[in-house]
Amino acid sequence: MSWSPDAESPEGGEWSPEPEGADAPPEVVIFPNAMFRLRVAPLDHDRAKPGEQAFATYLADAPADSRPIAVGVLSPESVAALVASDLFAEPTPLMLRAAEAEGGQLRGVVSALLPRAALERFARQLESEREPWAASVPDAPDIVPGVDDAGGDPPDARAPFALGALFRFAENRKHPGDLGAEAADLFMTVLSGGAMDADAKKIDNLISGL
Numbered sequence: 001m002s003w004s005p006d007a008e009s010p011e012g013g014e015w016s017p018e019p020e021g022a023d024a025p026p027e028v029v030i031f032p033n034a035m036f037r038l039r040v041a042p043l044d045h046d047r048a049k050p051g052e053q054a055f056a057t058y059l060a061d062a063p064a065d066s067r068p069i070a071v072g073v074l075s076p077e078s079v080a081a082l083v084a085s086d087l088f089a090e091p092t093p094l095m096l097r098a099a100e101a102e103g104g105q106l107r108g109v110v111s112a113l114l115p116r117a118a119l120e121r122f123a124r125q126l127e128s129e130r131e132p133w134a135a136s137v138p139d140a141p142d143i144v145p146g147v148d149d150a151g152g153d154p155p156d157a158r159a160p161f162a163l164g165a166l167f168r169f170a171e172n173r174k175h176p177g178d179l180g181a182e183a184a185d186l187f188m189t190v191l192s193g194g195a196m197d198a199d200a201k202k203i204d205n206l207i208s209g210l
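Numbering (UniProt numbering), first residue to last: 1 to 210.
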C-alpha cells in the first residue's frame with residue numbers, strides 16, 4: 001500500500017492497495033539493510049505534462065552532481081509542499097517493489113518508508129492549503145483513507161511514499177531467470193549512482209548495438 005498526495009479523494013490524498021489476484025504479475029520487494037538521508041528537489045523534465053511538476057530524490061550525502069535515485073511527478077503545489085516539509089529530515093529506509101513486465105523488462109517503484117504519522121500530518125497540511133477553512137475546524141478527526149483506526153498503529157509505524165519508477169530493459173538484464181537477484185542488482189546500481197534514465201538508456205543501447 002502506498003500513499004499519493006494528488007489522488008482525488010476528499011482528504012486530499014489516497015492510500016492505494018497494490019494489485020492482487022490472478023492479474024497481478026509476480027513481484028519482489030527489496031529492503032536495503034540501511035537508513036538513507038534523502039533530499040528532494042523540483043526537476044525540469046520533458047515528460048511532465050501541463051499541470052504536473054517532476055521532482056527528483058537524491059541521497060543527501062552524495063556529491064552535488066550525483067544522479068537522482070528516483071524521479072516522480074506530482075502537482076506543482078504538492079512538490080512545493082514536499083520540498084518545504086520535514087518528511088525527509090531524518091534518515092529513512094527505502095524499498096523497491098519490482099515485477100517483470102511484458103517483453104522481459106523489469107519495472108519497479110522506489111518508495112521511502114516514512115513514519116505514517118508524519119504522512120498523515122503532511123496530508124492534512126496539503127488539505128488545509130487547498131481548503132483553508134479546514135485548518136480552522138477545532139478537533140477535526142484524523143481521517144486517512146484505507147487506515148483502520150479500530151486497531152490503531154504502533155508509534156513507529158511506517159508507510160511507503162512513492163518516489164518514482166525504475167526500469168531495466170530486457171537486453172540489459174543481468175539475471176534473466178531470477179527476478180529477486182535482478183531487482184536487487186538494479187537497486188544497488190541506483191543507490192551507487194550508476195543508473196541512467198530511460199531515454200538515455202535507450203540511446204545507449206542503440207549505440208552499443210551498432
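Even for Gly, the Cβ is constructed at its ideal location relative to N, Cα and C.
query	result
Please list the terminal residues of the continuous alpha helix (DSSP H) segment that includes P42.	Premise fails: P42 lies in the beta strand (DSSP E), L38 to L43, not in any alpha helix (DSSP H).
Please return the same chain residues whose Cβ sits closer than 7 angstroms to the Cβ of V190, not counting the five positions on each side in sequence.	I69 and L166
Quick check: what's the CA-CA separation for T57 versus E127?	23 angstroms
Quick one: using the 10 Å Cβ neighbour count with 16 as the cut-off for buried, is P138 buried or exposed?	Note that P138 scores a pLDDT of 41, beneath 50, so its modelled location is shaky and nothing firm can be said.
Give a yes or no on whether the C-beta atoms belonging to L119 and F36 are separated by under 8 angstroms.	no
In angstroms with no decimal places, state the Cα-to-Cα distance between L113 and R158.	6 angstroms
So A48 and V73 are supposed to be a Cβ contact under 8 angstroms. How far apart are they, rounded?	6 angstroms
Note the first and the last residue of the continuous alpha helix (DSSP H) segment covering A80.	P76 to A84
State the Cα-Cα distance for the pair V147 and R173, rounded to the nearest angstrom.	Confidence at V147 is low in this model, with a pLDDT of 44, below 50, so the placement of that residue is unreliable and no value is reported for it.
Just the C-alpha distance for R97 and G180, rounded to the nearest angstrom, thanks.	10 angstroms
Going by the beta-carbon positions, is the gap between A60 and L38 smaller than 8 angstroms?	yes
When the Cα of I30 is compared with those of D185, G193 and S192, which residue comes out closest?	D185
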